[in-house]
Amino acid sequence: MRFYLSFASPANVFSSKRRWAALSGLTCLAMLIVGGSLQLGNITVPPVATPPRQIAVGLVGFALLVASFVSVEHAGPNLRAGVLTDPDFWVKVYNIMPPAFIKEYPNPGNLIDNLPFRIMQGIQPRELEDQTEFHALINSDHKQGDVKAAREGMSVFLEFSDHTPTKRPQLMLTFKHRIEHKDRTYIAGWMVPVETLPTGIETKEMLELRKRGEQVLFPVPANAGSADSAFVVDVGKAVRRPDLYPRDVGAARRRR
Numbered sequence: 015m016r017f018y019l020s021f022a023s024p025a026n027v028f029s030s031k032r033r034w035a036a037l038s039g040l041t042c043l044a045m046l047i048v049g050g051s052l053q054l055g056n057i058t059v060p061p062v063a064t065p066p067r068q069i070a071v072g073l074v075g076f077a078l079l080v081a082s083f084v085s086v087e088h089a090g091p092n093l094r095a096g097v098l099t100d101p102d103f104w105v106k107v108y109n110i111m112p113p114a115f116i117k118e119y120p121n122p123g124n125l126i127d128n129l130p131f132r133i134m135q136g137i138q139p140r141e142l143e144d145q146t147e148f149h150a151l152i153n154s155d156h157k158q159g160d161v162k163a164a165r166e167g168m169s170v171f172l173e174f175s176d177h178t179p180t181k182r183p184q185l186m187l188t189f190k191h192r193i194e195h196k197d198r199t200y201i202a203g204w205m206v207p208v209e210t211l212p213t214g215i216e217t218k219e220m221l222e223l224r225k226r227g228e229q230v231l232f233p234v235p236a237n238a239g240s241a242d243s244a245f246v247v248d249v250g251k252a253v254r255r256p257d258l259y260p261r262d263v264g265a266a267r268r269r270r
């Protein structure tokens, strides 16, 4: 059986009912310190007048203080917040997300990537070699995406994936975000494979994509074209009732 420890911040403790335990613990510890100091001047405080009392008061104060800040949670059938402190849990979550990676800026190599990333792109070599002009341009695009994300907070690039020993470069839409953590800068990103390019792409330095909120809207094709490459998607009952669609999804109704 596994248990998880969660630590609350002082602000959370003193704004909740836990503040009474915290205050009681602080009072016991303060009594122990003050009482011990007064005994140096031959002034006795009855609750801490003898060593056994001092030990008892100190242990009670410490226990109350720790209990007010720490929660011990059992990983039973109903997982609670304690699971969020388990790194193994986050690795499992990371490995079911879209192809994703994290790198420490300005290092070009990935600090870590997830399983879908490795399946789609292949294992990244230790050193990227610019064997051809095409490969050199791919590496340059990746670097420019890192630089823009580090400078502006995020970047979105239509680019090719890395060239690896077992995979050819693939068209990707790569999203990158800057993360500042403990005086270090990281780039976290995720990728979406791209099937076709707009006409005249050789003359375009920038594309404008439709979005909702800050998410790109991706069209859903009517069929996969080949059963071997099909990804099966369940269609919800509400989606199968375009006659009930609200007005803001009228465009979806017209395309059915």
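The sequence shown begins at 15 in the working numbering and counts up by one.
For glycine and all other residues, C-beta sits at the position ideal for the given N, C-alpha and C.
Residue i classed as buried or exposed, judged by whether at least 16 other C-beta atoms fall within 10 angstroms
i: A163; result: buried
i: E147; result: exposed
i: M111; result: exposed
i: P65; result: exposed
i: Q145; result: exposed
i: M220; result: exposed
i: L78; result: buried
i: D176; result: buried
i: G227; result: exposed
i: R267; result: Residue confidence for R267 is low, a pLDDT of 47 falling below 50, so the modelled location carries little weight and cannot support an answer.
i: G123; result: exposed
i: F189; result: buried
i: N128; result: buried
i: G203; result: buried
i: E166; result: exposed
i: L223; result: exposed
i: G75; result: buried
i: F245; result: exposed
One or two residues paired with residue i in a DSSP bridge
i: Q229; result: R226
i: I152; result: Paired residues: none, contrary to the question.
i: M205; result: T188
i: I215; result: The partner list for I215 (beta bridge, DSSP) is empty, contrary to what the question assumes.
i: K117; result: I201
i: E194; result: T199
i: I126; result: I116
Contact belief for residue i with residue j at Cβ below 8 Å, rounded distance in angstroms
i: L187; j: V170; result: 7 Å
i: G49; j: S82; result: Not quite, the Cβ-Cβ distance comes to about 22 Å (not below 8 Å), so this is no contact.
i: G214; j: K181; result: Going by Cβ atoms, the distance from G214 to K181 rounds to 28 Å, so no, they are not a contact pair.
i: Y207; j: L185; result: What sits at residue 207 in the sequence shown is Pro, not Tyr. That pair is a contact at about 7 Å.
i: L37; j: G72; result: About 16 Å; that fails the 8 Å criterion.
i: F174; j: I152; result: 5 Å
Short CB-CB distance (under 8 Å) between residue i and chain E
i: G203; result: Absent from the structure: chain E. Only one protein chain is present.
Discussion item. Check whether the stretch 145 to 164 and the stretch 212 to 232 touch, using three or more Cβ-Cβ pairs below 8 Å as the test.
Written reply: no
Worksheet item: Unbroken beta strand (DSSP E) runs of length 3 or more, entirely within the stretch 158 to 182: which are they?
Response: Whole beta strand (DSSP E) segments, 3+ residues: 168 to 174.
Practice prompt. Please determine if the stretch 108 to 126 and the stretch 183 to 202 are in contact, where contact requires at least 3 C-beta pairs separated by less than 8 Å.
Written response: yes
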